[in-house]
Amino acid sequence: MRHCPLKLAVLFAALSLALLDGFSLQAKISAANLAKALDNPPGITFFNSDGDWSAKTGTVSGVNIKNVPSVGNTYLEGKAPGRGTPQKQNSFRFQVQGAGTLHFRYQVSLDYYNDSALCLHLGNYEEDCLWEDSDILDDFVEPGADWWLEEEVYFDGETYTNEAVFAILGPDDEFYEKLELDKEYGEKLYSKAWLDSFVWEPDEDMQILFFEPDPEQFPAFDNWQYIYIESDYDNVSFRYTTDGSLPNLNSPLYDPEQPIVIDKNTTVNAIAYEGNNKIGAAVYRASYQLMTAAPQLTLQQDDFADFATVSFSSETPDACFY
Numbered sequence: 011m012r013h014c015p016l017k018l019a020v021l022f023a024a025l026s027l028a029l030l031d032g033f034s035l036q037a038k039i040s041a042a043n044l045a046k047a048l049d050n051p052p053g054i055t056f057f058n059s060d061g062d063w064s065a066k067t068g069t070v071s072g073v074n075i076k077n078v079p080s081v082g083n084t085y086l087e088g089k090a091p092g093r094g095t096p097q098k099q100n101s102f103r104f105q106v107q108g109a110g111t112l113h114f115r116y117q118v119s120l121d122y123y124n125d126s127a128l129c130l131h132l133g134n135y136e137e138d139c140l141w142e143d144s145d146i147l148d149d150f151v152e153p154g155a156d157w158w159l160e161e162e163v164y165f166d167g168e169t170y171t172n173e174a175v176f177a178i179l180g181p182d183d184e185f186y187e188k189l190e191l192d193k194e195y196g197e198k199l200y201s202k203a204w205l206d207s208f209v210w211e212p213d214e215d216m217q218i219l220f221f222e223p224d225p226e227q228f229p230a231f232d233n234w235q236y237i238y239i240e241s242d243y244d245n246v247s248f249r250y251t252t253d254g255s256l257p258n259l260n261s262p263l264y265d266p267e268q269p270i271v272i273d274k275n276t277t278v279n280a281i282a283y284e285g286n287n288k289i290g291a292a293v294y295r296a297s298y299q300l301m302t303a304a305p306q307l308t309l310q311q312d313d314f315a316d317f318a319t320v321s322f323s324s325e326t327p328d329a330c331f332y
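According to my numbering, the sequence shown is numbered sequentially starting from 11.
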């Protein structure tokens with residue numbers, strides 16, 4: 011039986027791609043396992059990884075360094091990709107809402123000489139890198155010392171929802187030079203990074219929606235009043251009503267250049283949107299009252315022994331007196 015060399019070559023290539031694809035799938039980690047490895051932090055939503063990450067438990071695996079303390083909880087281990095220009099990356103994504111601080115523990119053993127690094131970025135590590143670190147490990151770890159490093163990164167209010175990426179960047183191949191290790195000092199290059207103990211701390215001072223003037227401090231006004239709807243986040247929009255009804259996506263869109271004008275007792279109901287997604291409270295309310303004209307008091311008689319009748323009047327229609 012004769013075999014066609016071309017068909018065999020095509021079959022071999024297809025089989026190779028299938029095997030490589032299978033290996034790639036095995037190297038990925040699910041969103042649920044990412045969350046578990048990083049201690050299921052409230053306020054953080056994880057997505058399936060796009061690279062070679064593994065959930066580990068116990069002692070840091072594959073690290074032959076003296077005095078490295080055993081880690082009793084779960085943690086995440088990632089491998090650096092190979093050389094490339096532009097740099098390759100193994101990554102996973104997560105999402106946070108609102109401004110706040112991400113606290114985490116980490117360690118790295120990467121080819122810093124060729125720009126391999128652990129990086130936290132917002133979709134583009136060259137332009138939107140929030141934090142990065144790169145180093146190698148050595149034998150010098152004091153007995154009982156914590157092997158992990160601690161870091162924190164603040165997410166500001168430019169957008170309410172942030173989708174961030176933790177990535178291990180592989181060595182840059184353009185001007186590659188082999189990293190020389192000091193073996194006497196016990197330097198070791200594992201081409202790995204480790205992450206643990208994610209904690210999300212919201213910034214409680216950042217508000218999705220607030221009114222100006224503040225209805226609690228300035229609930230009353232003379233004649234008429236401008237009402238402004240504000241946010242500490244740059245990409246939030248508002249829908250509002252002034253007739254007592256609840257606002258929705260079809261309600262008037264607040265224009266910051268044209269504040270709401272009121273000239274009578276009014277409750278402003280507002281809701282906040284990021285794009286078409288409603289965020290924050292179910293509804294935000296602010297009530298303002300029109301101040302009456304100064305009341306006139308009239309005493310019905312000049313002298314009295316037991317009681318007297320006092321009349322109140324005002325130029326404001328339907329004014330209430332207390």
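Backbone N, C-alpha and C fix where the C-beta goes; we use that ideal spot for every residue, glycine too.
Tell me whether residue i sits in a helix, a strand or coil according to DSSP, three-state version.
i       : result
Ala-47  : helix
Tyr-195 : coil
Asn-258 : coil
Tyr-170 : coil
Phe-22  : Note that Phe-22 scores a pLDDT of 43, beneath 50, so its modelled location is shaky; the value from the coordinates is reported in the next line. Helix.
Gln-36  : Summary for Gln-36: the model assigns pLDDT 41, below 50, so the residue's position carries little reliability; its value from the coordinates is reported in the next sentence. It is helical.
Asn-245 : coil
Tyr-298 : strand
If you drop the 5 nearest sequence neighbours on each side, which residues of the same chain put their C-beta closer than 6 Å to that of residue i?
i       : result
Tyr-264 : Ile-239, Phe-248 and Tyr-250
Thr-111 : Glu-162, Tyr-164 and Glu-211
Gln-217 : Asp-242
Ser-321 : Thr-308
Let's test the definition: count the other Cβ atoms within 10 Å of the Cβ of residue i and tell me whether it reaches 16, buried, or not, exposed.
i       : result
Phe-208 : buried
Ala-291 : exposed
Gly-68  : exposed
Tyr-195 : exposed
Phe-317 : exposed
Asp-31  : Its pLDDT being 35, under 50, Asp-31 is placed unreliably by the model, and nothing is read from it.
Ser-34  : The predicted position of Ser-34 is uncertain, since its pLDDT is 35 and thus under 50; no value can be drawn from it.
Ser-323 : exposed
Val-70  : buried
Do the CB positions of residue i and residue j come within less than 7 Å of each other?
i       : j       : result
Asn-124 : Asp-166 : no
Gln-117 : Leu-159 : yes
Phe-102 : Trp-63  : yes
Tyr-170 : Val-246 : yes
Ala-203 : Cys-129 : no
Asp-206 : Ala-109 : no
Phe-219 : Ala-174 : Rather than Phe, the amino acid found at residue 219 in this sequence is Leu. It is not a contact, given that the beta carbons lie outside the stated cut-off.
Pro-225 : Ala-280 : no
Leu-120 : Ala-90  : yes
Asp-148 : Glu-197 : yes
Which residues in the same chain have their Cβ closer than 8 Å to the Cβ of residue i, if we skip the five residues on either side of it in sequence?
i       : result
Asn-43  : Ala-65
Asn-286 : Leu-259
Asp-145 : Val-118, Ser-119, Leu-120 and Tyr-122
Go through its chain and collect everything with a Cβ distance to residue i's Cβ below 7 Å, but skip five positions before and after it.
i       : result
Asp-232 : Met-301
TODO: Go through the stretch 51-114 residue by residue and report every complete run of the beta strand (DSSP E) that reaches 3 residues or more, in order.
DONE: Counting whole runs of 3 or more residues, the stretch 51-114 contains the beta strand (DSSP E) stretches 63-67, 84-89 and 99-107.
Open item on the list: Could you tell me which whole beta strand (DSSP E) segments of length 3 or greater appear in the stretch 195-240?
Closed with: Correct list: 202-212, 220-222 and 235-240.
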